[in-house]
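Numbering (mature numbering (1 follows the signal peptide of the UniProt record, and there is no 0)), first residue to last: -22 to -1, 1 to 238.
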């Protein structure tokens, strides 16, 4: 078995001897956050999260995981109000500490990187100073360079930012010269580069990252599913390589794994 969730093996031991129960519905909040969740309000949502929930539902009959759409700005309030039981792929810098919850470290990492249009003479030094450059950002995201302040007015006034709801739009603005730097989720950028290999030479990607995502699962106090049980389900899913295959397909990293 890979090193994925190695620190959570104790949780699996807690499952031994538990009595069988009727299937319980677990509602999982999701907002448009590519590549983790793509159009969760649609009939056919895409991304890591819907695929993971489908795999968990095939794995066992004790819990039925159901996707519940929310928004990037409303998601913590929705969990606190009881609209759903849990969220996945949440990083500590994003402001959920004051929301009642229990957290489980998923031991999955991602990052945000700076991207510019490739030009003659332009190199890594171009990313050292963001002031004075026009930034293309994703509305509602928390950025390290801005102290994780996601307020739109602050970002537009302090950093001359253009805010959109699409990484593709931000990359298009770069390529057309309408923005100087975009900050893009690394896993999504790699998927974009796989899809459009002819554009790779037109993009300059920084070695420096804006932030590292250290993904957690968040459980509401009323959730019938505990972090220990969920950790056990993930470990079971990983036994036959399903989880590693899913993460690799979306260019997600497990600390300590090959390529880290």
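Here a beta-carbon is modelled for each residue, glycine too, at the ideal position from N, C-alpha and C.
Give the single residue among the options whose Cα lies nearest to the Cα of residue i.
i: residue 228; options: 186, 165 and 71; result: 165
i: residue 96; options: 139, 83, 17 and 179; result: 179
i: residue 45; options: 55, 9, 68 and 88; result: 9
i: residue 57; options: 195, 232, 83 and 71; result: 195
i: residue 153; options: 226, 181 and 48; result: 181
i: residue 66; options: 231, 197 and 207; result: 197
i: residue 206; options: 6, 83 and 127; result: 83
i: residue 212; options: 31, 24, 6 and 171; result: 31
i: residue 169; options: 142, 55, 225 and 157; result: 225
i: residue 68; options: 140, 59 and 85; result: 85
i: residue 2; options: 167, 52 and 204; result: 204
i: residue 11; options: 51, 34, 223 and 150; result: 51
i: residue 108; options: 208, 186 and 220; result: 186
i: residue 70; options: 126, 98 and 162; result: 126
i: residue 47; options: 141, 34 and 27; result: 27
i: residue 200; options: 136, 60 and 144; result: 60
i: residue 49; options: 22, 140 and 118; result: 118
i: residue 210; options: 120, 34, 21 and 20; result: 34
i: residue 191; options: 157, 134, 162 and 177; result: 162
How many whole angstroms separate the CB atoms of residue i and residue j, which I take to be in contact at a CB cut-off of 8 Å?
i: residue 138; j: residue 112; result: 5 Å
i: residue 106; j: residue 189; result: No, residue 106 and residue 189 are not in contact; Cβ-Cβ is about 17 Å, not under 8 Å.
i: residue 159; j: residue 116; result: With a Cβ gap of about 13 Å, residue 159 and residue 116 do not count as contacting.
i: residue 310; j: residue 4; result: Residue 310 is absent from the structure shown; the chain starts at -22 and stops at 238.
i: residue 14; j: residue 7; result: Actually they do not touch by this definition, with Cβ atoms about 12 Å apart.
i: residue 124; j: residue 142; result: The pair is not a contact, with the Cβ atoms about 16 Å apart (cut-off 8 Å).
i: residue 29; j: residue 231; result: 17 Å between Cβ atoms; not a contact.
Terminal residues of the continuous alpha helix (DSSP H) containing residue i?
i: residue 210; result: 205 to 216
i: residue 157; result: Premise fails: residue 157 is in no alpha helix (DSSP H) and is neither H nor E.
i: residue 227; result: 220 to 227
i: residue 133; result: 130 to 137
Between which two residues does the beta strand (DSSP E) carrying residue i extend?
i: residue 243; result: As displayed, the chain neither begins before -22 nor continues past 238, which places residue 243 out of reach and without an answer.
i: residue 179; result: Here residue 179 belongs to no beta strand (DSSP E), and DSSP marks it neither H nor E.
i: residue 108; result: Neither: residue 108 is in no beta strand (DSSP E) and is coded neither H nor E.
i: residue 3; result: 2 to 8
Worksheet item: Can you list the alpha helix (DSSP H) stretches of 4 or more residues lying completely in the stretch 11 to 87, in chain order?
Response: 26 to 37 and 53 to 58
Discussion item. Pairs of beta-carbons, one from the stretch 76 to 88 and one from the stretch 32 to 40, closer than 8 Å: are there three or more?
Written reply: no
Item to complete: Please confirm if the stretch 97 to 104 is in contact with the stretch 205 to 222, defined as three or more CB-CB distances below 8 Å between the two stretches.
Response: no
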